[in-house]
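**Q** Heads up, the sequence shown is in the numbering used here, so the first residue is 17 and it goes up one at a time.
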Amino acid sequence: MPAQTIAPRTSEASHAMSSTGEFLRNRKLMMFVLVGLATGVMLWLTGAEMALGVTAYLVLGIVIVITAIDMFKDLMRGHWGLDILAVIAMIATLAVQEYVAGLIIALMLTGGEALEDLAARRASRELDQLLSRAPAFAGRIHPVTGEVERIAIEEVKVGDELLVRSSEILPVDGVLLSNHATIDESSVTGEPIPVNYHAGDPLLSGTVNSTTSFTMRAQKVAADSNYASIVRLVEEAVDSRAPMVRLADRYAVPFTIVSLLIAGFAWFLSGDPVRFAEVLVVATPCPLLIATPVAFMGGMSSAAKLNVIIKDGGVLEVLARVRAVAFDKTGTLTEGKADVVEIHPAARTVDETLQLAAAAEQYSVHVFADPIVASARTQQLELPEVVTADEVATNGVLASLADGTSVRVGKPSFIEEVTGPIDRPVLSAGETAVYVSVGDELAGVIILSDPIREQSADTVSRLRRAGVAEIAMVTGDITSTAESVAHAVDIQTVHAETTPQTKVRIVQAMRPRPVLMVGDGINDAPVLAAADVGVAMAGRGATVASESAAAVITSNDIARVADVAYVSRRTVQIALQSIWMGIIISVGLMLVAAFGYLPAVVGALLQEIVDLVAILSALRALRALRAHRGARRESSARREVPVG
């Protein structure tokens, strides 16, 4: 039997039946109310008033008690809910013997939650797809017999040789053993074009084999691999339901007061208590309860299509209001894939400078460490033996060699602590300098080129057009490099040679608020957490930055920052439009009922239609991405039209 890396999928029909069954099982109260309403309608049509009253008191009594308990729990958590109007309306219908109307309100209340769940499932489809694609199995090649055995992904160990067949999902992060492989990385990076890899290249879990079978060696266990980290972020996003109602909460108390005032005046002016019940029947605020979470789930789904995982629905609200943005430089505005392009020797030769730097940088996690080490190995330079090495956060590496020599590699200020003032070379945009000292002498300066991302300048421009008033670069890199990159992408405010602590202080002091911080490295984790919204550029695998950020860009495209800002604004607009539409329609129906032109039963049925309209309106957030792409094409076309 062929090894598979994903669990077998059920058919669309069986999946739909399973979802329907689960939906009905989780809605026992709604089914109970539905049976009660059907029974009540039959009793009403046959004129069995006594039996109708008993049925209504039984059904409504249970619904009122359960709802009241939930309301009390919400109040204990400091959350004011809108269900109080529904409870008062049901009590009022019992008092004036409008039993059928009361049963319809009960169905509206319990069914509204069901409608919300169904709409949320539709809205969160993109998030669910990421979860359902998570690899479940792997094909491990037995080290002795060479046979392929199908094992659970949790059983894969570092060093295992794995077979990945055509169209299978890569189970864990690893390195390619076969000569060649073509990988579809669109589900992880967002890039639609398959990527060619050769023996020795690193591979990411969650990507798809687009070629014939190949072998790879596992470098991480499943729990530590790239796709597992993305799945964890998605699960957090799917589970973050509570913050999504905050937008509607602002309208809860005013709407409740207005509804009770209209109902009270209608009773007072008419002298008929039935009028009070008729008004409250159409005041049941299901549109307010439903519109926000459905719209926000739709917005999160649109963001997921952009390869942006938003962990908390409330983040959409803040992103929609962002007025200031701070960017890290390396790996954010630039590619973070530097190459050594030049070496300026000082006290040591070119080769000696590179040897010393590579020996120390073996112990660094900085993005410039790998290219320096790789350059030394490419030139087959023998590295001196290192006895101890310490990475000094945001400064560089301090290493002691076997002969007792002290080597420093890093920022000029770090080197000047032992050498005194040194000359700094003039750098072009995208270039950076790594300084190397041996003892108390400057050994040399290594120039690396880290290309600016193709979309960086356009992203900055789009954020300004969207109303962002202040854009700054906050980086630990040296001033000359930071300023050259900032100039190239049209950022005027530059904070260079910062530490994680000073980054936090700078971002906290930025105005106007809210402030968005975009970064990618381990040293960006504190400032991402401190900003009003932190967005991590995860690129080829999430880092510590992803854990502290409110949103994670799983592709390697900085343009997604401007994209998700647009989607967030559009989502909040749709949520507010849906809320106000529900309020206006409900108030209109209340006024009609206040003058006696809307019987309770008819009002209750109309309110169900209002609920459906609110859901359909909120689901427009699913098309936020489509609308955004249309706006981008229109904007690009305008920029391309010759002037004059």
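Ideal placement from N, C-alpha and C gives every residue a C-beta, glycine not left out.
Would you tell me roughly how many angstroms separate the C-alpha atoms of I278 and R339, rounded to the nearest one?
**A** One C-alpha to the other measures close to 40 Å.
**Q** Does DSSP put P387 in a helix, a strand or coil?
**A** It is helical.
**Q** DSSP puts E177 in a beta bridge; with which residues?
**A** DSSP lists R233 as partners of E177.
**Q** Are the segment 340-354 and the segment 482-496 touching by the rule of at least three beta carbon pairs closer than 8 Å?
**A** These segments touch.
**Q** Return the bridge partner residues of D355 from the DSSP annotation.
**A** BP columns for D355 point to S465.
**Q** Whole angstroms is fine: what's the gap from K173's alpha carbon to A376's?
**A** About 30 Å.
**Q** Assuming Y267 and I507 make a contact with CB atoms under 8 Å, what is their CB distance in whole Å?
**A** Their Cβ separation, rounded to whole angstroms, is 39 Å, which puts Y267 and I507 out of contact at 8 Å.
**Q** Which value, in whole angstroms, describes the spacing of the CA atoms of R41 and M66?
**A** Because R41 carries a pLDDT of 47, less than 50, the predicted location of this residue cannot be relied on, and the following value inherits that uncertainty. Using only the alpha carbons, I get a separation of about 31 Å.
**Q** If distances are taken between C-alpha atoms only, which option among S465, V366 and I359 comes closest to V383?
**A** When each option's Cα is compared against that of V383, the closest is S465.
**Q** Does the segment 413-420 come close enough to the segment 394-403 to have 3 or more Cβ pairs within less than 8 Å?
**A** With the cut-off at 8 Å, the segment 413-420 and the segment 394-403 touch.
**Q** Determine the DSSP secondary structure at D548, reduced to helix, strand or coil.
**A** Residue state, collapsed to three classes: coil.
**Q** Closest by CA to A307, which one among L605, Q593 and A609?
**A** If we check each option's Cα against that of A307, Q593 comes out closest.
**Q** Which same chain residues end up closer than 7 Å to L638 when comparing Cβ atoms and leaving out the 5 residues on each side of it in sequence?
**A** So the list reads A139, G314, S317 and S318, once near-sequence residues are dropped.
**Q** Taking the alpha-carbon positions, what's the N242 to G77 distance?
**A** When rounded, the distance between both Cα atoms is 52 Å.
**Q** I believe V425 touches G412 by the beta-carbon criterion, under 8 Å. Please report the beta-carbon distance rounded to the nearest angstrom.
**A** Yes, V425 and G412 are in contact; Cβ-Cβ is about 5 Å, under 8 Å.
**Q** Measuring CB to CB, does V551 end up less than 8 Å from I522?
**A** Not a contact, by the Cβ cut-off of 8 Å.
**Q** Of all the options L61, D367, E470 and R478, which has the alpha carbon lying nearest to the alpha carbon of A459?
**A** For the residues L61, D367, E470 and R478, the minimum Cα distance to A459 belongs to D367.
**Q** What does DSSP give as the partner residue(s) for P361 in the beta ladder?
**A** Answer is G460, bridged to P361.
**Q** Examine the Cβ distances between the segment 607-614 and the segment 323-330 and report whether three or more of them are shorter than 8 Å.
**A** Not touching, per the Cβ criterion.
**Q** Round the Cβ separation of L414 and T497 to the nearest angstrom and send it over; I've been treating them as touching at under 8 Å.
**A** Between T497 and L414 the Cβ distance is about 22 Å, and since that is not below 8 Å, they are no contact.
**Q** Since D99 and L125 should fall inside the 8 Å C-beta cutoff, what is the C-beta to C-beta distance between them, to a whole number of angstroms?
**A** Right, the Cβ-Cβ distance comes to about 7 Å (below 8 Å), so this counts as a contact.
**Q** Using the Cα positions of N572 and P441, report the straight-line distance between them to the nearest angstrom.
**A** One C-alpha to the other measures close to 30 Å.
**Q** Suppose you measure from the CA of Q471 to the CA of A575; what does that come to, to the nearest Å?
**A** About 6 Å.
**Q** Report the three-state DSSP secondary structure of L632 (helix, strand or coil).
**A** Correct three-state label for L632: helix.
**Q** For K321 and Q524, what's the separation of their Cα atoms in angstroms?
**A** K321 and Q524: Cα-Cα distance of roughly 31 Å.
**Q** Please classify G175 as buried or exposed, where buried requires at least 16 neighbouring CB atoms within 10 angstroms.
**A** Classification of G175: exposed, given that the 10 Å Cβ count is below 16.
**Q** Suppose contacts are defined by Cβ-Cβ distances below 8 Å. Is A363 in contact with V454 by that definition?
**A** Their beta carbons are under 8 Å apart, which means A363 touches V454 by this criterion.
**Q** Rounded to whole angstroms, what is the Cα-Cα separation between E165 and Q396?
**A** If I take the Cα positions, the gap works out to 40 Å.
**Q** Expressed to the nearest angstrom, what Euclidean distance is found between the alpha-carbon atoms of L192 and W596?
**A** Near 56 Å, if we compare the C-alpha coordinates of W596 and L192.
**Q** Output the distance between the C-alpha atoms of V81 and L296, rounded to the nearest integer angstrom.
**A** Cα to Cα, the separation comes out at about 19 Å.
**Q** In the DSSP assignment, find the beta strand (DSSP E) that holds S422 and state where it starts and stops.
**A** Unbroken beta strand (DSSP E) run through S422: S422 to G426.
**Q** Can you tell me where the beta strand (DSSP E) with F343 in it begins and where it stops?
**A** Residues A340 to F343.
**Q** Looking only at C-alpha atoms, which of E486, V450 and I631 sits nearest to P528?
**A** Ranking the options by Cα distance to P528, first place goes to E486.
**Q** Leaving out five residues on either side along the sequence, give the residues of the same chain with a beta carbon under 7 Å from the beta carbon of W283.
**A** Excluding residues within five positions, the ones whose Cβ falls inside 7 Å are P289, R291 and F292.
**Q** Tell me the DSSP secondary structure of E486 in three-state form.
**A** Three-state DSSP puts E486 in a strand.
**Q** Short of 8 Å in beta carbon distance, which residues of its chain neighbour E447, apart from the five on each side in sequence? Order them along the chain.
**A** Cβ neighbours of E447 beyond the five flanking positions: V357, I463, L464, S465, D466, T497 and S500.
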